[in-house]
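Comments concern the structure below.
Protein chains: 2
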Amino acid sequence: MKIALAQINPIIGDFIGNGNKIRAFALRAKNLSCDLVIFPELSVCGYPPRDLLERKSFIRACQKATQSLVDDILGIGVILGFVDQLAEAPGKPIANGAMLFEDGKILEVVHKRLLPTYDVFDESRYFSPGAKAEPFAYKGHNIGLTICEDAWNDLDLFPVQAYDWDPVQTLAEKKADLLINIAASPFHAGKRAIRGNIMAHLAKKYHLPCVYVNQVGGNDHLLFDGTSTAHTPGGTLAALAGEFEEDLVTFDTSTGQGDIHPVCENEVESLARALVVGVGDYVRKCGFSKVVVGLSGGIDSALTLAAAAKALGPENTLGVFMPSEYTSQQNFTDTKELADNLGCGYEIVPIMPIFEAFLTSLSSFCDKENFGVTEQNIQARARGTILMAYSNKTGAMVLSTGNKSEVAVGYCTLYGDMSGGLSVISDLPKDMVYAVSRYFNREREIIPESILTKAPSAELRPDQKDQDDLPPYEILDPILHAYIEDLKDPEEIVDMGYDRDVVEDIVRRVVRNEYKRRQAAPGLKLTSKAFGEGRRYPVAQKFKDQDGS
Amino acid sequence: MKIALAQINPIIGDFIGNGNKIRAFALRAKNLSCDLVIFPELSVCGYPPRDLLERKSFIRACQKATQSLVDDILGIGVILGFVDQLAEAPGKPIANGAMLFEDGKILEVVHKRLLPTYDVFDESRYFSPGAKAEPFAYKGHNIGLTICEDAWNDLDLFPVQAYDWDPVQTLAEKKADLLINIAASPFHAGKRAIRGNIMAHLAKKYHLPCVYVNQVGGNDHLLFDGTSTAHTPGGTLAALAGEFEEDLVTFDTSTGQGDIHPVCENEVESLARALVVGVGDYVRKCGFSKVVVGLSGGIDSALTLAAAAKALGPENTLGVFMPSEYTSQQNFTDTKELADNLGCGYEIVPIMPIFEAFLTSLSSFCDKENFGVTEQNIQARARGTILMAYSNKTGAMVLSTGNKSEVAVGYCTLYGDMSGGLSVISDLPKDMVYAVSRYFNREREIIPESILTKAPSAELRPDQKDQDDLPPYEILDPILHAYIEDLKDPEEIVDMGYDRDVVEDIVRRVVRNEYKRRQAAPGLKLTSKAFGEGRRYPVAQKFKDQDGS
Numbered sequence: 001m002k003i004a005l006a007q008i009n010p011i012i013g014d015f016i017g018n019g020n021k022i023r024a025f026a027l028r029a030k031n032l033s034c035d036l037v038i039f040p041e042l043s044v045c046g047y048p049p050r051d052l053l054e055r056k057s058f059i060r061a062c063q064k065a066t067q068s069l070v071d072d073i074l075g076i077g078v079i080l081g082f083v084d085q086l087a088e089a090p091g092k093p094i095a096n097g098a099m100l101f102e103d104g105k106i107l108e109v110v111h112k113r114l115l116p117t118y119d120v121f122d123e124s125r126y127f128s129p130g131a132k133a134e135p136f137a138y139k140g141h142n143i144g145l146t147i148c149e150d151a152w153n154d155l156d157l158f159p160v161q162a163y164d165w166d167p168v169q170t171l172a173e174k175k176a177d178l179l180i181n182i183a184a185s186p187f188h189a190g191k192r193a194i195r196g197n198i199m200a201h202l203a204k205k206y207h208l209p210c211v212y213v214n215q216v217g218g219n220d221h222l223l224f225d226g227t228s229t230a231h232t233p234g235g236t237l238a239a240l241a242g243e244f245e246e247d248l249v250t251f252d253t254s255t256g257q258g259d260i261h262p263v264c265e266n267e268v269e270s271l272a273r274a275l276v277v278g279v280g281d282y283v284r285k286c287g288f289s290k291v292v293v294g295l296s297g298g299i300d301s302a303l304t305l306a307a308a309a310k311a312l313g314p315e316n317t318l319g320v321f322m323p324s325e326y327t328s329q330q331n332f333t334d335t336k337e338l339a340d341n342l343g344c345g346y347e348i349v350p351i352m353p354i355f356e357a358f359l360t361s362l363s364s365f366c367d368k369e370n371f372g373v374t375e376q377n378i379q380a381r382a383r384g385t386i387l388m389a390y391s392n393k394t395g396a397m398v399l400s401t402g403n404k405s406e407v408a409v410g411y412c413t414l415y416g417d418m419s420g421g422l423s424v425i426s427d428l429p430k431d432m433v434y435a436v437s438r439y440f441n442r443e444r445e446i447i448p449e450s451i452l453t454k455a456p457s458a459e460l461r462p463d464q465k466d467q468d469d470l471p472p473y474e475i476l477d478p479i480l481h482a483y484i485e486d487l488k489d490p491e492e493i494v495d496m497g498y499d500r501d502v503v504e505d506i507v508r509r510v511v512r513n514e515y516k517r518r519q520a521a522p523g524l525k526l527t528s529k530a531f532g533e534g535r536r537y538p539v540a541q542k543f544k545d546q547d548g549s
Numbered sequence: 001m002k003i004a005l006a007q008i009n010p011i012i013g014d015f016i017g018n019g020n021k022i023r024a025f026a027l028r029a030k031n032l033s034c035d036l037v038i039f040p041e042l043s044v045c046g047y048p049p050r051d052l053l054e055r056k057s058f059i060r061a062c063q064k065a066t067q068s069l070v071d072d073i074l075g076i077g078v079i080l081g082f083v084d085q086l087a088e089a090p091g092k093p094i095a096n097g098a099m100l101f102e103d104g105k106i107l108e109v110v111h112k113r114l115l116p117t118y119d120v121f122d123e124s125r126y127f128s129p130g131a132k133a134e135p136f137a138y139k140g141h142n143i144g145l146t147i148c149e150d151a152w153n154d155l156d157l158f159p160v161q162a163y164d165w166d167p168v169q170t171l172a173e174k175k176a177d178l179l180i181n182i183a184a185s186p187f188h189a190g191k192r193a194i195r196g197n198i199m200a201h202l203a204k205k206y207h208l209p210c211v212y213v214n215q216v217g218g219n220d221h222l223l224f225d226g227t228s229t230a231h232t233p234g235g236t237l238a239a240l241a242g243e244f245e246e247d248l249v250t251f252d253t254s255t256g257q258g259d260i261h262p263v264c265e266n267e268v269e270s271l272a273r274a275l276v277v278g279v280g281d282y283v284r285k286c287g288f289s290k291v292v293v294g295l296s297g298g299i300d301s302a303l304t305l306a307a308a309a310k311a312l313g314p315e316n317t318l319g320v321f322m323p324s325e326y327t328s329q330q331n332f333t334d335t336k337e338l339a340d341n342l343g344c345g346y347e348i349v350p351i352m353p354i355f356e357a358f359l360t361s362l363s364s365f366c367d368k369e370n371f372g373v374t375e376q377n378i379q380a381r382a383r384g385t386i387l388m389a390y391s392n393k394t395g396a397m398v399l400s401t402g403n404k405s406e407v408a409v410g411y412c413t414l415y416g417d418m419s420g421g422l423s424v425i426s427d428l429p430k431d432m433v434y435a436v437s438r439y440f441n442r443e444r445e446i447i448p449e450s451i452l453t454k455a456p457s458a459e460l461r462p463d464q465k466d467q468d469d470l471p472p473y474e475i476l477d478p479i480l481h482a483y484i485e486d487l488k489d490p491e492e493i494v495d496m497g498y499d500r501d502v503v504e505d506i507v508r509r510v511v512r513n514e515y516k517r518r519q520a521a522p523g524l525k526l527t528s529k530a531f532g533e534g535r536r537y538p539v540a541q542k543f544k545d546q547d548g549s
């Protein structure tokens, strides 16, 4: 059987657009003489639809769109992710479904059995789990069809079992001879290798061909890298779809041959592509075409601008430089050069008159000569207000520019530099900001070398440097990684060899600044644990996470 | 058996404070010669701890605190909500537990069986469900112990079953002769009556005394009203603890007698108390003691200030009036009178010099003579920046003042009037803002009558009135209620008798402004469906909810 892996980029709730995309990919598959075309999890409505699943009108629209695909796509078998409405209580009224249809007839329907409910996933909130795992016959095969998480409970790979059964094992025991998994598996750095291992392992373990079709593109904070695969029963990679792009590859179960398309060569390249796709999809799927970025002369705003220009075109990307008297002369040069290298729009709006108007109005307690956090924040908020004025006037979305290290410890101003519709690099630690920036410069200098080499500074007071206020990034970043991504206790981090006072200070800052992150723009998820939907901490609480007190 | 219902207000993660509170209430119960004292769900750590439950140090601290209570509280039986660590996979590594201990010995442990995973609840994210429901013998009783949701699946009351079994029914069938439910059941208007009905129904249905102990106080956006109850086997209310206050009431199973403490007389009084407790707890539990509120002269900021002054004392409450040239003279008088009535601090900071500095700097596209959204938003953001400067300088938390009707349709400025650490009335529709405001005036005029009677206006352009930009609140509010709380389709709302164009315009605004709400401060939950954690919609999406397109 010749199978097409149709790796599409749906838009949440765009039933007409998604339907047309599914029709077009099915036609491509037919023209390639495929017997079967496979689409990702929930591809009719896009993943994740979240609480739209609680609206009757959404479910109705989803059913209507699904039925029209069943009616329209003829002459090829289609496996498709959809929302299935369940006839009876108890439990949630819908299931995360996959159907096989052909020539107007629905031949099989399965429901996702393992419903991820952790990190960014809330599937138990919406769906009843499927209880059965039965292979079904189709064109000489006995297909074992699973949905995403269903394939993530193999005892060899996950010794700590999150669920009480393994649907893949059940399907293999029931003599499936072809495993198909449809997925919407979010990207993070390193995830592709994890998924590849799972699929290769399952193929080898059960000696079955294993086809995996993933969604691609960005939806809100989640990115999907695609990289759909087919593995032969020997565990050899036989088909591979592109990374962060819509794609269609074929795999023939009789010959074990398939298309191998190029993917990113390393993690830094993946992250660079992730940023570009993430910005482009978020902005466009929100109905915008243009963006505006506040440029400081630093690396964070430079990378944000570069990613945006690549995603949306330099003609749709405006950099606004808002100097104060604490701004170094170098930053005038660097920001202009950056915008010129990219071909972006560039404007200068000095903030001193506005800052001084604030200080005058607040002269009962503000003092330009005697600088504190108050005066620094006013500058950042004046800049935020200017950027939002550009947004209001031109219909461009403001992109905020804070990196993960800053956002973690609250080294950023709420309603100031945190303003914007999307926080592009808020899940990228400072060291990776440099690495990805250098990747952008791989062919020619886009981000001026001076930006890559100067000491980071917020320039909110005279001669300020990040390192006056924060531990050096080479210490801060690994401590944050251990605390946030690896969920290590402060004590364990001290045991890794870090100074106790530094660890406790950093943890205290992370905890104390939860309130800022609660009001942050959505940020593209790039690591295994991003701030936002996947990390839900109370704000009003007293647990300091300092040795259990 | 004489039972004490110990309705406490824990702070999330404050193991020492919560432990001391539990000890003190247990002592009070002992002094009243009670045989058993009962504390709410997860009272050792406070509810909801959210992702703190994923931190090993938090679980360890919780275990340590629990053990020290077991060791310390002697001479009385104690039922207590705690986090139980489970020995084995598969599944989540902890359970939402309740234990009975006495004189240093843990006598019984049960695990919550029904884990709410909808609206504000994420319990399947953290906990493995309990599978058993067995009564246990204690002091002549056979106790059926359940935790919150466990009692919310009775087929008579919930014909659409959310879960596949009813633990209360199982316990009754197994000859329990006393039902005890420990809970952390969030408040919304009307919820007390629902809970009362459930408990009375269960008591009558199974002819058993039924004791219910709820948490009280605010934690982040969630409020807990307490109003713990005991019902006799006949379904008569025999004990009732106070509303929105810590309390201890007793109930004697042999006599059926108990303490009945007063609770609020009506919904408006409950809402007023909710606001006061919500502001007070959030501010204090975040480690603040003072607040600052931007006063416009309108009803929303007036009610917010009044609630804050009541909660924190007028000496800790500052109102800042920030007039522009579009501010009416009446608002100078009204805001001053409001602050004087309350005894709060009051300051005036005119924004025109700041506004003009912005317009001058942005003169390439801003125009004071030709007003649009851009120029209006600049004013709102200048005010937000001023309030945040007060916050930075004085350590007071800014309270934002938008009501639910405004926040729903986006009639508010992100980083402007939406700035603040807590959004006090963002779940209160405009009609209820008036009703609760009049309640605050029940004994003497606190909110000046002029504020209660003037036409609402944002005063961001000459002669602006809300009704120029929005449908009248008496039309807007019921449509929003139908769409947001009752999840009605636009078509169903039209069928209720509303104009189609108006309904579609309002729904479009609600959908389009999801991005603003995503960055809003936590807002106190007062209705059955609040914005925030309990309502999770994608931002980047194309579903317009207009007849399935």
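Read top to bottom, the protein sequences are chains A and B. Quick note on numbering: my numbering labels position 425 of the first sequence as 425, and the sequence is numbered without any gaps. Quick note on numbering: my numbering labels position 373 of the second sequence as 373, and the sequence is numbered without any gaps. We treat Cβ as the ideally placed atom computed from N, Cα and C, and that holds for glycine. Keep in mind the model is a prediction, meaning the values are calculated, not measured.
Within chain B, the residues whose beta carbon sits less than 8 Å from that of Glu-54 (chain A) are Leu-487, listed in sequence order. Non-local C-beta neighbours of Gly-17 (chain A) in its own chain, meaning closer than 8 Å and more than five positions away in sequence, comprise Pro-10, Ile-11, ordered along the chain.
Residue state for Ala-6 (chain B) is assigned as strand, using DSSP reduced to three classes. Among the residues facing chain B, Cys-344 (chain A) is not included, as its CB has no counterpart in that chain under 8 Å away.
Buried is the label assigned to Gln-519 (chain A), since at least 16 other Cβ atoms lie within 10 Å of its Cβ.
Listed by position along chain B, the residues whose Cβ is nearer than 8 Å to that of Val-320 (chain A) form an empty set, because the closest Cβ is around 10 Å away. Shown here for Asp-220 (chain B): same chain residues with a beta carbon closer than 6 Å to its own, the five before and five after excluded, namely Pro-522 in chain order. Pairing Leu-178 (chain A) with Ser-128 (chain A) gives a Cβ-Cβ distance that is not under 8 Å. Neighbours of Thr-374 (chain B) in chain A, taken as residues whose beta carbon is under 7 Å from its own, are Ala-389, Asn-392, Lys-393 in chain order.
In this structure, B:Arg-381 is the residue among B:Arg-381, B:Leu-27, B:Ala-274, B:Leu-305 with its C-alpha nearest to the C-alpha of Ser-324 (chain B). Rounded to the nearest whole angstrom, the CA to CA distance from Cys-366 (chain B) to Asp-14 (chain A) is 36 Å. Sequence-distant Cβ neighbours of His-481 (chain B) in its own chain, meaning closer than 6 Å and more than five residues away, do not exist here. Shown here, Ile-94 (chain B) sits in a strand according to DSSP, grouped into three states. Residue pairing for His-261 (chain B): DSSP places it in no beta bridge. Within chain A, the residues whose beta carbon sits less than 8 Å from that of Ser-361 (chain B) are Val-349, Pro-350, Ile-351, Pro-353, Ile-354, Ile-386, listed in sequence order.
What Asn-219 (chain A) touches in chain B, judged by beta-carbon distance under 9 Å, is Pro-538, Ala-540, Gln-541, going in chain order. The C-beta distance from Leu-318 (chain A) to Gly-280 (chain A) rounds to 16 Å, too long to fall under 8 Å, and the pair is not in contact. In the DSSP assignment, Leu-295 (chain A) forms a beta bridge with A:Phe-321. Taking every protein chain shown into account, the CB of Ser-33 (chain B) has fewer than 16 other CB atoms within 10 angstroms, so this residue is exposed. Straight-line spacing of the CA atoms in Thr-394 (chain B) and Lys-290 (chain B) works out to 8 Å. If you draw a 10 Å sphere on the C-beta of Asp-150 (chain A), you find 16 or more other C-beta atoms in it, and that means buried. Taking one beta carbon from each stretch, the stretch 439-459 of chain B and the stretch 19-32 of chain A have fewer than 3 pairs nearer than 8 Å; the two do not touch.
Neighbourhood of Pro-462 (chain B) in chain A, by CB distance below 8 Å: empty, with the nearest CB roughly 19 Å away. Between Asn-214 (chain A) and Ser-254 (chain A), the gap from beta carbon to beta carbon reaches 8 Å or more. According to the DSSP assignment, Met-388 (chain B) belongs to the alpha helix (DSSP H) that extends over 373-394. For the pair Lys-92 (chain A) and Tyr-126 (chain A), the Cα-to-Cα distance works out to about 6 Å.
Of all residues in the stretch 409-428 of chain A, only Leu-414, Tyr-415, Ser-419, Gly-421 place a beta-carbon less than 8 Å from a beta-carbon of chain B. Contacts with chain A at 8 Å (Cβ-Cβ) do not include Cys-210 (chain B).
Under the DSSP assignment, Ile-12 (chain B) falls outside any alpha helix (DSSP H); it carries neither an H nor an E label. Look at Asp-156 (chain B): its C-beta is not under 8 Å from any C-beta on chain A.
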